[in-house]
Amino acid sequence: MATLPESLEPLIVAPLVANDVARGIARLFLRAEMTPLPEVPLGNGRRADIMAIDAQGCITIVEIKVSRGDLLGDGKWPDYLDYCDRFYWAVPSGFDLSPFETDPFRPQCCGLIVADRYDAAIIREPQHRPLSGARRKAETLRFARRAARRLWGDLDPFPESCV
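So the sequence shown is residues 91 to 253, counted in this note's numbering.
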């Protein structure tokens, strides 16, 4: 039986990481006319793995899990529900989906996405829970300002020199 050269082994057997899953989700969301932004701090001190806004202003948060231990140990995720209209769990392809059918992961309100680094598929749509007008405005402004700061940071790595 032939073996792979050592230099190729990590490429073949490397598990997907959160950035791979995020890339697949971003491609899915962009096709759906949703604008995704990774690593978004929320007003309660939490950080959403992905936040996206669609053309109607609907805010979606995605929590990515790439290991069962990380998933089962996450007790903070309900804190995200007050900052979005829709909430998805996202996992790499091949991940055991059975925990997402249990009460602690609220299958009645949370969606589920399976992704790899090239694409993603929605396995279950989330319940739409509209934000209040004041929260929507605050989160939309926070999203826009964060995106603009990141874009400016790409153009000028030393923006403090302008002040």
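Positions of the beta carbon are idealized from the N, C-alpha and C atoms, including for glycine.
Small disclaimer: the values here were computed from a predicted structure and weren't measured.
N-terminal and C-terminal residue of the alpha helix (DSSP H) that residue i is part of
i, result
"E129", "Here E129 belongs to no alpha helix (DSSP H); instead the beta strand (DSSP E) covers M124 to P131."
"D138", "According to the sequence provided, residue 138 is Ala. The question's Asp does not apply to it. First-last for A138: R137 to D144, but that is the beta strand (DSSP E), not the alpha helix (DSSP H)."
"V111", "A108 to R121"
"E229", "G223 to L245"
"G159", "R158 to L162"
Given residue i as reference, the closest of the options once Cα atoms are compared
i, options, result
"G114", "C174, A180 and A224", "A180"
"I143", "D246, R137, A237 and A211", "A237"
"E229", "G163, L127, S188 and R214", "L127"
"G201", "Y208, G223, L221 and Y178", "Y178"
"G223", "S157, G147, R240 and G243", "G147"
Exposed unless 16 or more other CB atoms sit within 10 angstroms - verdict on residue i
i, result
"R176", "buried"
"D160", "exposed"
"C174", "buried"
"P216", "buried"
"F185", "buried"
"V111", "buried"
"K227", "exposed"
Alpha-carbon spacing of residue i relative to residue j, whole angstroms
i, j, result
"Y170", "I151", "7 Å"
"F119", "D193", "27 Å"
"V204", "A211", "5 Å"
"L132", "R232", "9 Å"
"C199", "R137", "20 Å"
"V103", "Y208", "For V103, the pLDDT reaches just 47, beneath the cut-off of 50, and the residue's location in the model is therefore unreliable, leaving the point undetermined."
"E153", "K166", "11 Å"
Endpoints, beta strand (DSSP E) assigned at residue i
i, result
"D191", "A small fix is needed here, since residue 191 is Glu in this sequence, not Asp. Careful: E191 lies outside any beta strand (DSSP E) and carries neither H nor E."
"W179", "R176 to P182"
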